[in-house]
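Colleague: Numbering-wise (the numbering used here), the sequence shown opens with residue 39 and increments by one.
Backbone N, C-alpha and C define an ideal beta-carbon position, used for all residues, glycine too.
Predicted model, so just to flag it, every value in this text is computed and none were measured.
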Amino acid sequence: MDFDESFHSAPVRYALDEVDSDEELEDKIEPNTIQVMVSLPDTSLTLIFGLSGPGSIYIDSLKGLTSIGTVENKQETVASILQIPNQPIVFVSFTKQIEANESVQYVRSIFEQCSQGLSKVIILDSFTTESDLIPPTLRVLQSSASPLVQTLTLYEIPHMVTGLSAAIINYCEIHSIPCYNLLTLQEYVYGKLLVTDTTLEAYNHGLHQLGHDHLNFDSELLQKALESRHSGRIDDSHHRLYV
39 MDFDESFHSA
49 PVRYALDEVD
59 SDEELEDKIE
69 PNTIQVMVSL
79 PDTSLTLIFG
89 LSGPGSIYID
99 SLKGLTSIGT
109 VENKQETVAS
119 ILQIPNQPIV
129 FVSFTKQIEA
139 NESVQYVRSI
149 FEQCSQGLSK
159 VIILDSFTTE
169 SDLIPPTLRV
179 LQSSASPLVQ
189 TLTLYEIPHM
199 VTGLSAAIIN
209 YCEIHSIPCY
219 NLLTLQEYVY
229 GKLLVTDTTL
239 EAYNHGLHQL
249 GHDHLNFDSE
259 LLQKALESRH
269 SGRIDDSHHR
279 LYV
């Protein structure tokens, strides 16, 4: 064995990593009130999750997306399902934060719709500022079934992912699905979520390294995405975007 060879992501501990099977997952969740209203194309897909915050804003800032469904809980829409026509990529953009104790059920409900198979799963996630942070500010945490991407910096121990992103990664580990969790630097100013061009450009870089060169956020759509959130605003410089 070549001990100089880079390994996949270090074993960053997941909040759910003591769960070993679908049956154990099912035992730990409440009765299902989640509905995934979508009809997916009969082909192997790349599934991209945009978590509430920078991830969902990025997806809402992409050109050419059409709505193909929703994720609902007790008749409330919590995520939009979108697709670029004629491309085998489906986006799930979460408009609300998901409670940790509901994450497993959301993940199971969404993945059950992907019976045709998944070639890859990507999560658009974020992490907070750290004292030892050095550029680049994008980090990646990947499942053991994922080919290593040498150009992306790993998100390593002692860091930990929780909630929805942890549930997605665990599902992919159980089912041997290649999964990449792209974490961009998340900043706050006076308690407000701060999204900058740099925040979203990190996603561009990560997605391009994963073979999706055609994905780039659009500045005008970015402004509209922020304005659609009732507390969102853009300051005069148009470089500091608050949600």
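(1) What separation, rounded to the nearest whole angstrom, lies between the Cα atoms of aspartate 235 and serine 257?
(2) Counting Cβ pairs closer than 8 Å, one from the segment 223-238 and one from the segment 111-130, do we hit at least three?
(3) With distance defined between alpha-carbon atoms, name the residue in Tyr144, Met198 and Thr166 nearest to lysine 230.
(4) So, at 8 Å on beta carbons, what are the nonlocal neighbours of isoleucine 106 in its own chain, with the 5 sequence-adjacent residues on each side left out?
(5) Taking the alpha-carbon positions, what's the valine 116 to tyrosine 228 distance?
(6) Can you tell me whether serine 105 is helix, strand or coil according to DSSP?
(7) Between which two residues does the beta strand (DSSP E) containing tyrosine 218 stretch?
(8) Aspartate 65 to leucine 232, Cα distance in whole Å?
(9) Name the two residues that bound the continuous alpha helix (DSSP H) containing threonine 236.
(10) Looking only at C-alpha atoms, which of Glu265, Leu259 and Leu253 sits nearest to threonine 84?
Modeller: Judging by the given coordinates:
(1) Here residue 235 refers to the residue found at position 197 of the sequence shown. Here residue 257 refers to the residue found at position 219 of the sequence shown. One C-alpha to the other measures close to 8 Å.
(2) no
(3) The residue you call residue 230 lines up with position 192 of the sequence shown. The option with the nearest alpha carbon to lysine 230 is Thr166.
(4) Taking the first residue of the sequence shown as 1, we reach residue 106 at position 68. Around isoleucine 106: Val76, Ser77, Leu78, Ile119, Leu120, Gln121 and Val128.
(5) Within the sequence shown, the letter at position 78 stands for residue 116. Within the sequence shown, the letter at position 190 stands for residue 228. Their backbone Cα atoms lie some 27 Å apart in a straight line.
(6) Here residue 105 is taken as the residue at index 67 of the sequence shown, counted from 1. Serine 105: strand per DSSP, three-state reduction.
(7) Here residue 218 refers to the residue found at position 180 of the sequence shown. Membership of tyrosine 218 in the beta strand (DSSP E) is indicated by the continuous run 217-227.
(8) As a first step, residue 65 is located in the sequence shown; it is residue number 27 there, counting from the start. As a first step, residue 232 is located in the sequence shown; it is residue number 194 there, counting from the start. Low confidence applies here, because aspartate 65 scores a pLDDT of 49, under 50, leaving its location unreliable and the question unanswered by this model.
(9) Taking the sequence shown and counting its residues from 1, the one referred to as residue 236 is at position 198. Run containing threonine 236: 235-247, per the alpha helix (DSSP H) assignment.
(10) The count along the sequence shown starts at 1 and reaches residue 84 at position 46. Selected option, being the one with the closest Cα: Leu253.
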